[in-house]
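Listed in order, the protein sequences are those of chains W and P. Position 172 (the first sequence) corresponds to 175 in the working numbering; numbering is contiguous. Position 211 (the second sequence) corresponds to 214 in the working numbering; numbering is contiguous. From the three backbone atoms N, C-alpha and C, an ideal C-beta is built for every residue, glycine too. Model, not experiment: these values are computed from the prediction. Some notes on the structure that comes next.
There are 2 protein chains.
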Amino acid sequence: MVQTLIILGHPNGEQSHTQQFLKESLEKFPNVKQHTISHSWDVEAERILLKQAERIIFQFPVYWYGAPGHLKTWIDTIFHPSMSYLKGKELGIVASFGVAEHQFQAGGREHFTPSEMFRPFEMLANYFQMMYLPIFCVFKWMYQSEGDKQKQLIEYQMYVSAPNPCRLIDKGKWLSEQLQTINTDGVFDSLIETMIYNNEEIEQLLTMVTDIKHNIR
Amino acid sequence: MVQTLIILGHPNGEQSHTQQFLKESLEKFPNVKQHTISHSWDVEAERILLKQAERIIFQFPVYWYGAPGHLKTWIDTIFHPSMSYLKGKELGIVASFGVAEHQFQAGGREHFTPSEMFRPFEMLANYFQMMYLPIFCVFKWMYQSEGDKQKQLIEYQMYVSAPNPCRLIDKGKWLSEQLQTINTDGVFDSLIETMIYNNEEIEQLLTMVTDIKHNIR
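Listed below in structure tokens is the structure:
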């Protein structure tokens, strides 16, 4: 079953290095469906996609402080007050910016934060009683070092596919699962073992803490 | 010369009672140009319209907490960082809502105010160093009494064509000018005379206040 649906709102995604990079990074996630908005669509078919998903993510480059008009038109057409099945689903945003992060704050050149700028999405989530996820922002991707890109890529994969809220133990599990999928020649065997062992440790410690709390009461 | 340019962003303006009503109310304002966005456009011609205007107003029905995708696509295509001639011009918003005003506040069903919801437009104005006008909101137009509609219509005409900031004396001048245009049979003669007289009074009082302030210093 598809759990995460990513609505790709870039009008020319193939031409965007950022979007292409992000897209390819999800090929090994069977529970993630990437859906590019075409230029015409079957409203009912699109709604079925939304209905099947547990987590819906709008992914787009920021054009003049919002989603590209193309994506907004899609939202205008597809979303309808009667879609009560959206209740309880998660709504996330993956937005890429051509401007540096520090500009998006009071006193910065853009004055407002991404959270403030994306209120319309938050209002959409509120309307349908969806859970609004923290916004995933990519700032000036092309100017990042290779190491920073790789780091952000893993955070992105986690944003898209890890449980929410994502506790330390969930991150540990997620990371060891990912390592296992690329561990075809066994080179990460001992690392994976250690991670699994550590995670078990954490789990035991959490149980212990719960017990202690219980006894104090 | 065109001073106010209203960009009509309703995808089917002729079918909207609100938009049609507002549109017709501006027929007697020679300094106001209403521009309906078509389905394709000549980018340079559209930019010339913006260049010629002193006040630019986006007018649209709110679709899912923002402008219709159609208008957003227009903005995405037309606006360009190089348009420094926008500096100092005014940017206004005329937005019609299908939801009651009191829902748009903390604790209301929509949580956020129109000011918060329209941050992307404010950010656009900031970017080009334009003066952002107070938002003109029309709430549940079809449910308003005939009297309320007429009252809001005059406020709308003022928003579009009166100077900004609009002091009491500017409102008085604006109103007496409007009365004169419809005073073809002389029925408002005495009313207009009184208004002009009152305005002169106010002007003299303002001068007097300025003098007193000056002498105190």
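### Query
Under the three-state reduction of DSSP, which class applies to W/ILE219: helix, strand or coil?
Residue mapping note: residue 219 of chain W aligns to position 216 of the first sequence, counting from 1. Helix at W/ILE219.
### Task
Could you check what DSSP says for P/GLN83 in three-state terms: helix, strand or coil?
What you label residue 83 of chain P is simply residue 80 of the second sequence in a count that begins at 1. Note on identity: in this sequence residue 83 of chain P is His, with Gln being the wrong assignment. Correct three-state label for P/HIS83: coil.
### Message
Could you check whether P/LEU53 and P/LEU94 sit closer than 8 Å to each other, using their CB atoms as the reference points?
### Response
Numbered from its first residue, the second sequence carries residue 94 of chain P at position 91. Numbered from its first residue, the second sequence carries residue 53 of chain P at position 50. Not closer than 8 Å, so no.
### Query
Going along chain P, which residues have a C-beta under 7 Å from W/ASP45?
Here residue 45 of chain W is taken as the residue at index 42 of the first sequence, counted from 1. Those do not exist, as W/ASP45 stays about 17 Å from chain P at its closest Cβ, beyond 7 Å.
### Message
For the pair the region 74-85 of chain W and the region 62-78 of chain P, tell me if three or more CB-CB distances fall below 8 Å.
### Response
yes
### Query
With 16 as the cutoff for other CB atoms within 10 Å, does W/TYR154 come out buried or exposed?
The residue you call residue 154 of chain W lines up with position 151 of the first sequence. Inspection of the sequence shows that residue 154 of chain W is occupied by Lys rather than by Tyr. W/LYS154 is exposed by the Cβ-count criterion.
### Message
At the level of alpha carbons, what is the spacing between P/GLU149 and P/THR184?
### Response
As a first step, residue 149 of chain P is located in the second sequence; it is residue number 146 there, counting from the start. As a first step, residue 184 of chain P is located in the second sequence; it is residue number 181 there, counting from the start. If I take the Cα positions, the gap works out to 22 Å.
### Query
By how many angstroms is the C-alpha of P/ASN15 removed from the C-alpha of W/PRO137?
Position 134 of the first sequence, counting from 1, holds the residue named residue 137 of chain W. Position 12 of the second sequence, counting from 1, holds the residue named residue 15 of chain P. Roughly 35 Å separates the two Cα atoms.
### Message
So if DSSP puts P/ALA98 in a beta bridge, which residue, or which two residues, is it bridged to?
### Response
Locating residue 98 of chain P in the second sequence gives position 95, where the first residue counts as 1. Paired residues: P/PHE63 and P/CYS140.
### Interface flag, P/MET126 vs chain W, CB-CB below 8 Å
In the second sequence, the residue the question calls residue 126 of chain P occupies position 123. So yes, P/MET126 belongs to the interface.
### Task
Could you give the DSSP three-state label for P/GLY69: helix, strand or coil?
The count along the second sequence starts at 1 and reaches residue 69 of chain P at position 66. In this structure, P/GLY69 counts as strand in the three-state DSSP scheme.
### Query
Quick one: what's W/TYR135 bridged to in DSSP?
Translated into the one-based positions of the first sequence, residue 135 of chain W becomes position 132. W/LEU94, per the DSSP bridge assignment.
### Query
Among the residues of its own chain, which have a CB less than 6 Å from the CB of W/GLN132, if the five just before and after it don't count?
By 1-based counting over the first sequence, the position of residue 132 of chain W is 129. Closer than 6 Å at the Cβ level, and outside the excluded window around W/GLN132, lie LYS90.
#### Entry: Under 8 Å between C-beta atoms of W/ILE10 and W/ILE60
The residue given as residue 10 of chain W occupies position 7 in the first sequence. The residue given as residue 60 of chain W occupies position 57 in the first sequence. Against a cut-off of 8 Å, the Cβ pair of W/ILE60 and W/ILE10 comes out as a contact.
### Message
Taking CB distances under 8 Å as the criterion, tell me whether W/TRP144 reaches chain P.
### Response
Against the first sequence, residue 144 of chain W aligns to sequence position 141. So, not an interface residue.
### Task
Identify, in the order they occur along the chain, each residue of the same chain with its Cβ nearer than 7 Å to the Cβ of P/ALA103, setting aside the five sequence neighbours on each side.
Translated into the one-based positions of the second sequence, residue 103 of chain P becomes position 100. Within the same chain, P/ALA103 has close Cβ partners PHE142 and LYS143.
### Query
Who are W/ARG58's beta bridge partners in DSSP?
In the first sequence, counting from the first residue as 1, residue 58 of chain W sits at position 55. Answer is W/THR7 and W/GLU93.
#### Entry: Inter-stretch contact at 8 Å, needing at least 3 Cβ pairs: the region 24-37 of chain W / the region 29-48 of chain P
no
### Task
Please say whether W/SER99 and W/PRO64 have beta carbons closer to each other than 8 Å?
Within the first sequence, numbered from 1, the residue matching residue 64 of chain W stands at position 61. Within the first sequence, numbered from 1, the residue matching residue 99 of chain W stands at position 96. Yes; because the gap between Cβ atoms is below 8 Å, this pair is in contact.
### Task
Identify, in the order they occur along the chain, each residue of the same chain with its Cβ nearer than 7 Å to the Cβ of W/GLN18, setting aside the five sequence neighbours on each side.
Here residue 18 of chain W corresponds to residue number 15 of the first sequence, with the count starting at 1. Correct list: empty, nothing qualifies.
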